[in-house]
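Novice: In my numbering, the protein residues as written are 10 to 266.
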Amino acid sequence: MHALERRRKILEMLQECSFLSVDDAQNALASSPATIRRDFADLSEQGLVVRGHGGIHRVDNAPIMGVLPFSRRKVDHPEGKNRIAKAAATLVNDGQIVIIDGGTTTLNLAHYLSPHVRVITNSLPLASALNEPRNGRTIVPEVNMTGGYVYPRSEVLLGPQTVKSLLEYNADWTFIGANGVMPDGIFNSNNLVVDTQRMMIQRAQKVCILVDGSKLLRPAMMKVCDLAAVDYIITDEKPPQELADACEEFKVTITVV
């Protein structure tokens with residue numbers, strides 16, 4: 010197959026999947042990994058795709074400073090994320106104050122939290138979802154938004170103003186997501202997200218990490234906190250033994266749903 014035809018097919022494949030790995034392209038086009046990597050490099054130089062780990066992203070679905078667009082993250086592991094959020098909501102009692110970060114797993118908490126709680130969040134979709142009455146109720150939770158600027162395509166408020174505004178609050182719970190959970194701590198992929206999550210952890214009495222199984226024993230760029238700072242981890246897959254042992258050592262309760 011001629012290089013131009015192969016690259017045209019690569020772009021067509023990206024219209025269907027938003028991320029294309031070297032392995033998938035190699036199998037679909039019957040080409041060698043080296044050939045596919047050259048195609049990816051050429052398309053990237055033309056600005057038609059964005060290089061990523063092990064493949065290429067469609068331009069409108071590429072990570073920005075380590076943060077994937079909200080629309081793309083939302084469709085990953087939807088059933089598991091829903092079960093995780095449902096379990097997390099059972100930890101919260103009426104009258105409590107809850108800090109929730111701007112992730113796609115934490116967004117599902119809007120479906121299950123009691124309207125008799127007070128929420129602090131930097132998530133625009135979560136604030137909007139919490140403002141809609143659910144399950145036949147006419148009341149909604151009180152929602153307090155942090156300051157900050159809207160991070161591109163992520164629908165979340167970040168930056169120094171976000172961190173500063175969190176200093177004004179105290180909470181019973183913080184619920185945050187993560188890009189990686191390792192025996193030595195919780196990790197994420199963007200320094201602004203990490204700064205915000207660290208302050209959220211500081212301002213709450215108890216901390217719960219909500220992650221699907223793909224994040225277990227997976228490293229990410231920046232450390233948010235040690236496992237000792239975490240009280241609960243809720244996930245949809247049994248953790249690897251190495252991680253389970255570390256959680257037991259630091260008295261972290263793991264719930265698998």
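Backbone N, C-alpha and C define an ideal beta-carbon position, used for all residues, glycine too.
Can you give the beta carbon distance from Asp267 to Val172, rounded, assuming they're within the 8 Å contact cut?
Specialist: Only positions 10 to 266 of the chain appear in this structure, which leaves residue 267 out of reach.
Novice: Just the Cα atoms here: how many angstroms apart are Tyr178 and Ile108?
Specialist: Going by the C-alpha atoms only, they are around 9 Å apart.
Novice: Hey, how far is the Cα of Met231 from the Cα of Met10?
Specialist: Rounded to the nearest angstrom, the two C-alpha atoms are 42 Å apart.
Novice: If I follow the unbroken alpha helix (DSSP H) through Asn200, where does it start and stop?
Specialist: It spans Asn200 to Gln211 - the alpha helix (DSSP H) in which Asn200 sits, taken as one unbroken run.
Novice: Taking the alpha carbon of Gly63 as the reference point, which residue from Gly112, Ala50, Gln55 and Val159 has its own alpha carbon closest?
Specialist: Taking only the C-alpha atoms, the option nearest Gly63 is Ala50.
Novice: Determine which residues share a DSSP beta bridge with Ile65 and list them.
Specialist: For Ile65, which the question treats as bridged, DSSP gives the partners Leu29 and Arg60.
Novice: For Ala136 and Tyr160, what's the separation of their Cα atoms in angstroms?
Specialist: C-alpha separation (whole angstroms): 16 Å.
Novice: Do Gln250 and Asp181 have their C-beta atoms within less than 8 Å of each other?
Specialist: Against a cut-off of 8 Å, the Cβ pair of Asp181 and Gln250 comes out as no contact.
Novice: As an exercise, report each continuous alpha helix (DSSP H) stretch of at least 4 residues that is fully enclosed by the stretch 90-170, in chain order.
Specialist: Runs of the alpha helix (DSSP H) inside the stretch 90-170: 113-116 and 133-139.
Novice: Taking Cβ to Cβ, would you say Val233 is nearer than 8 Å to Phe196?
Specialist: Yes, Cβ-Cβ distance for Val233 and Phe196 is below 8 Å.
Novice: Only counting the same chain, and skipping five residues up and downstream in sequence, which positions put a Cβ closer than 6 Å to that of Pro134?
Specialist: Leu116 and Glu164.
Novice: Would Asn91 count as contacting chain C if we go by Cβ distances under 8 Å?
Specialist: No chain C appears in the structure shown, which is made up of a single protein chain.
Novice: If we count the other Cβ atoms within 10 Å of its Cβ and call it buried at 16 or more, is Asn200 buried or exposed?
Specialist: Exposed, since its Cβ has fewer than 16 Cβ neighbours within 10 Å.
Novice: With a threshold of 16 other CB atoms inside 10 Å of the CB of Val84, please say whether the residue is buried or exposed.
Specialist: Residue confidence is low: Val84 scores 48 on pLDDT, short of 50, so the model does not pin down where it sits. Its coordinate-derived value is still stated next. By the neighbour-count rule (16 or more Cβ atoms within 10 Å), Val84 is not buried but exposed.
Novice: Would you grab the beta carbon distance between Asp245 and Arg92 for me? Rounded to a whole angstrom, and I think it's under 8 Å.
Specialist: Yes, Asp245 and Arg92 are in contact; Cβ-Cβ is about 6 Å, under 8 Å.
Novice: Using CA coordinates, which residue listed in Leu219, Arg67 and Ile210 is at the minimum distance from Val190?
Specialist: That would be Leu219, whose Cα lies nearest to the Cα of Val190.
Novice: How is Phe184 classed by DSSP in three states: helix, strand or coil?
Specialist: It is a strand residue.
Novice: With DSSP as the reference, identify every bridge partner of Thr44, one or two as the case may be.
Specialist: Thr44 pairs with nothing; no bridge assigned.
Novice: What does Val265 pair with, by DSSP beta-bridge criteria?
Specialist: Answer is Thr244, bridged to Val265.
Novice: If contacts are defined as beta-carbon pairs under 8 Å, then Gly145 and Gly157 qualify, I think. What distance do you get, rounded to the angstrom?
Specialist: Not quite, the Cβ-Cβ distance comes to about 34 Å (not below 8 Å), so this is no contact.
Novice: For Thr262, which residues from the same chain have a beta carbon less than 6 Å from its beta carbon, with the 5 sequence-adjacent residues on both sides left out?
Specialist: Closer than 6 Å at the Cβ level, and outside the excluded window around Thr262, lie Tyr241.
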